[in-house]
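Under the numbering used here, the residues of the sequence shown are numbered 2 to 486, in order. Note that the Cβ used here is the ideal one computed from N, Cα and C, for glycine as well. This structure is a prediction, so every number in the text was calculated from the model and none was measured. So the structure is just underneath, and the comments pick up after that.
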Amino acid sequence: MITFLVSIALLIIGFLVYGTFIDKMFEPNDNRKTPAYAKNDGVDYVPMNKHKNALIQLLNIAGTGPIFGPIMGALFGPIAFIWIVVGSIFAGAVHDYLTGMISIRNRGAHIPELAGKFLGTVSKHIVNFFTLLLLLLVGTVFVTTPASLLSILLNGKVAVSVLIGLIFIYYFLSTILPIDKIIGRFYPLFGGVLLIGTIGVGVMLLFSEYTIPELTFTNMHPENVPIFPILFFTITCGALSGFHATQSPIISRTVKKESEGRYVFYGMMIAEAIIAMIWAAAAMSLLDGQTLSEMINSGTPSAVVNEVSITLLGAVGGTIAVLGAIVLPITSGDTAFRAARSIIADYIKMDQKKIVKRLAVALPLFIISAILTQIDFNILWRYFSWANQTTAVIALWIATMYLYVKGKQYIVALIPAMFMSYLVFVYILSEKIGFNIDLTLSYYISIPLLIILVFAFFKKARSNKANNLQVDLPDESDQPYDKAI
């Protein structure tokens, strides 16, 4: 229990101390008009208050990842706590904050557009592919997992296919309607269910007869799966996730003031990490490694969520906790499709004011996703994890470039960018979905690949700086915030 409580305390301290350091280093400026006002279109660019933005950001980024990921990561044992804490404070929250703030400074630009600006035109096309692949996988995974949980909750009385159809209908409406019509109205209710359920599981875990294991560096995975790099691709949304880079620009278009960034972007990543800690601890405490592995392999971690919730909270409380676990993927799946629509529209330069144009972009996405739901969950998750962390790496390199050209302390983004780039190389070289090379050999091959990447990056960075790359688009208002509105 001591490890668990210390980990929660470190996450909170990380927000207060390191989060403040990152924020001051970036230097938010409330005299700049944010995209919510400068490009207000009543659809995607809509000013909303700080607390609503924060809640939407949390629900956007905290999909199945901070529950299912930590449950699967719990197979490795308490060493998973280290990645959640260190990864969130120094990588994930920095990634989310810088992506959101750089987007604000570039009129709400999505990650492919930012990649084109900071890393080059070729990067823009590559990032478009990875981002859309990731969003489609997220949308698909976050349809099947809540449908699976709902089916368990309803004792199988409603077919999973029917539940998938109903969730798709909700996703479709939230994708094409203005952001404040469904997402802005329903998310506070969804957030309440999530918080009640998660806090309930956390509190009951602390006062139950179950023992939260203390920190050990031993790999406890029953199948002896290597910690490095698999743990870092299993627990993603609870520590570092490229999916967040696709979501932060959505909220960068609704933020009223730049000074709200630390709370909305950095703070909500820390909140997600706390959710991840609770579910990882619960899985480790209630189930031994072999039982946990068997439950996960039987389908999805949905059965684990149900088992933990009912055991700790009883029938009524457990149902609320399961509903909270259902809310998370649904509130990320809807914005995954929304982000995909927005990214495609930006890429082909099609404005989205008219609903006909929104439909033209959205319909093909849902058709493809419906086809993908027929693929086994575990296969989808592996591809999701790879695309997810590859996108995170790209976002961190964009952030590093921004800070380098701006003359700021770029090392805060460079270190996690290099670390995760190395892991991405090792993963794709060694995994069956990649090149299936011997793991030890993959460790060695990845070193020169990382060196080449870093060399190419700094060559591009020096060129951008010499050419005085305009990292922030011109302020569209010379008025202070309170006068601009």
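{"Query": "Run the CB neighbour count on P189, radius 10 Å, all protein chains shown included, and call it buried at 16 or more, exposed below.", "Result": "exposed"}
{"Query": "Output the distance between the C-alpha atoms of Y423 and I356, rounded to the nearest integer angstrom.", "Result": "43 Å"}
{"Query": "Pick from I327, A282, T292, A246: whose alpha carbon is nearest that of L115?", "Result": "A246"}
{"Query": "Apply the 10 Å Cβ neighbour rule to H52 and answer buried if 16 or more other Cβ atoms are within range, or exposed otherwise.", "Result": "exposed"}
{"Query": "What does a CB cutoff of less than 6 Å around F5 pick up in its chain, not counting 5 residues either side in sequence?", "Result": "I213, A282"}
{"Query": "For P147, I'd like the list of residues in its chain whose CB is within less than 7 Å of its CB, leaving aside the five on either flank, ordered along the chain.", "Result": "I168, I327, P330, I331"}
{"Query": "Mark R359 as exposed unless 16 or more other C-beta atoms lie within 10 angstroms of its C-beta, in which case mark it buried.", "Result": "buried"}
{"Query": "Nearest to T235 by CA position, among V194, S464, V425, is which residue?", "Result": "V425"}
{"Query": "Drop a sphere of 10 angstroms on the beta-carbon of Y46, count the other beta-carbons inside from all chains shown, and report buried for 16 or more, exposed for fewer.", "Result": "buried"}
{"Query": "I think L397 touches H96, with their Cβ atoms under 8 Å apart; what is that distance to the nearest whole Å?", "Result": "6 Å"}
{"Query": "Between F173, T21, M402, which lies nearest to G121 when the distance is taken from Cα to Cα?", "Result": "M402"}
{"Query": "Considering just the uninterrupted stretch of the alpha helix (DSSP H) at K257, what are its terminal residues?", "Result": "Looking at the DSSP string, K257 is not in any alpha helix (DSSP H), and its letter there is neither H nor E."}
{"Query": "Hey, how far is the Cα of P113 from the Cα of I434?", "Result": "24 Å"}
{"Query": "When the Cα of F244 is compared with those of W387, L164, D181, which residue comes out closest?", "Result": "W387"}
{"Query": "Return the Cβ separation of L313 and V202 in integer angstroms, given the expectation that the two are a contact with Cβ distance under 8 Å.", "Result": "6 Å"}
{"Query": "Out of T374, T320, Q375, T392, point me to the one whose CA is closest to N156's CA.", "Result": "T320"}
{"Query": "Go through its chain and collect everything with a Cβ distance to M2's Cβ below 6 Å, but skip five positions before and after it.", "Result": "I213"}
{"Query": "Taking C-alpha atoms, which residue in L154, M285, I90, V159 lies nearest to T217?", "Result": "M285"}
{"Query": "Taking 8 Å as the cut-off, decide whether the C-beta atoms of G239 and P67 are in contact.", "Result": "yes"}
{"Query": "Can you give me the C-alpha to C-alpha distance between A10 and K158, rounded to a whole angstrom?", "Result": "42 Å"}
{"Query": "I think S253 touches N61, with their Cβ atoms under 8 Å apart; what is that distance to the nearest whole Å?", "Result": "The pair is not a contact, with the Cβ atoms about 12 Å apart (cut-off 8 Å)."}
{"Query": "Taking I85 as the reference, which of S8, L451, L136 has the closest Cα?", "Result": "S8"}
{"Query": "Could you check what DSSP says for G319 in three-state terms: helix, strand or coil?", "Result": "helix"}
{"Query": "Distance check for V123 and I446, CA to CA, integer angstroms please.", "Result": "24 Å"}
{"Query": "Count Cβ pairs between the stretch 400-414 and the stretch 254-262 that sit closer than 8 Å; are there 3 or more?", "Result": "no"}
{"Query": "Taking the alpha carbon of T255 as the point to measure from, which residue in I72, D42, T21 has its own alpha carbon closest?", "Result": "D42"}
{"Query": "Does DSSP put H96 in a helix, a strand or coil?", "Result": "helix"}
{"Query": "Is the stretch 97-105 touching the stretch 292-303 in the sense that three or more CB pairs, one from each, lie closer than 8 Å?", "Result": "no"}
{"Query": "Use the C-beta contact count for R342: other C-beta atoms within 10 angstroms, 16 or more gives buried, fewer gives exposed.", "Result": "buried"}
{"Query": "Under the three-state reduction of DSSP, which class applies to Q353: helix, strand or coil?", "Result": "coil"}
{"Query": "Nearest to G192 by alpha carbon, out of I276, N468, E224?", "Result": "I276"}
{"Query": "Could you check which residue in N107, N225, P230 has the C-alpha nearest to that of Q390?", "Result": "P230"}
{"Query": "For L442, count the other beta carbons within 10 Å of its own beta carbon; 16 or more makes it buried, fewer makes it exposed. Which is it?", "Result": "exposed"}
{"Query": "Classify G243 as helix, strand or coil using the three-state DSSP reduction.", "Result": "coil"}
{"Query": "What would DSSP say about T212, mapped onto helix, strand or coil?", "Result": "coil"}
{"Query": "Here's a check: name, in chain order, each residue in its chain whose Cβ is nearer than 7 Å to the Cβ of L458, leaving out the five neighbours to either side.", "Result": "It should be noted that the sequence gives Phe, not Leu, for residue 458. So the list reads W398, once near-sequence residues are dropped."}
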